[in-house]
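With my numbering, the residue at position 112 of the sequence shown is 189, and numbering never jumps.
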Amino acid sequence: MGDILSLNCNACGWIKSGFIGHGFNTLVNYEDIENDLPKSFKKKLDQEKFVGLVSTPRVVVVCSSCSQIGFRTHYEAQDIEAVHRCGRCGSKAEIIDDPQTLESCPKCGNAALNAECTGFWD
Ligand SMILES: [Zn+2]
Ligand SMILES: [Zn+2]
């Protein structure tokens, strides 16, 4: 079961919410989703001649450059992981394991961000 996470800024009112974690259907056969996968990730799996299950949890990513926050589907298989890029500036976006540690608002830059779980999904 995954969480529905809501992020909001006490300073400027910025708000964003989305799904994070694992649901029932987040383990998927590679051949069923290979055409949906990010190209660089698919290429690595093909190089390894990978067959089997790909884990597709929902994650929060933060841009290392402009601090943009996004909700994404992550992909991992064995020790190969998809790389995330910021939708705004294209820099590498890091996965945040614990969204409670997020502080800086991507809009106003103040350390006034709140993360709360507002529900569940599966
Ligand atoms: Zn703000
Ligand atoms: Zn960015």
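The beta-carbon is built from N, C-alpha and C at its ideal position, and this holds for glycine as well. As the structure is a computational prediction, the values presented were derived from the model and not from experiment.
For D199 against F101, the beta-carbon gap comes to about 5 Å, under 8 Å, which counts as contact. Here the alpha carbons of E171 and T195 stand approximately 23 Å from one another. Shown here for K169: same chain residues with a beta carbon closer than 6 Å to its own, the five before and five after excluded, namely S141 in chain order.
With fewer than three CB-CB distances shorter than 8 Å, the segment 95–113 does not count as touching the segment 160–167.
A straight-line Cα-Cα distance of about 23 Å links I146 and I157.
Near ligand 2, residues with a Cβ at less than 5 Å from any of the ligand's heavy atoms are C140, S142, C143, Q145, C163, R165, C166 and S168; the list follows chain order. For the 8 Å CB-CB criterion, L82 and I97 form a contact. Between the beta-carbon of I173 and that of V137 there is about 5 Å, and that keeps the pair under the 8 Å contact cut.
V128 and Y152 have their C-alpha atoms some 14 Å from each other. Comparing alpha-carbon positions, the option among R149, C182 and E125 lying closest to Q155 turns out to be E125. The C-beta distance from S117 to V160 rounds to 6 Å, short enough to meet the 8 Å contact threshold.
Our two residues, K121 and V105, have alpha carbons roughly 17 Å apart in a direct line.
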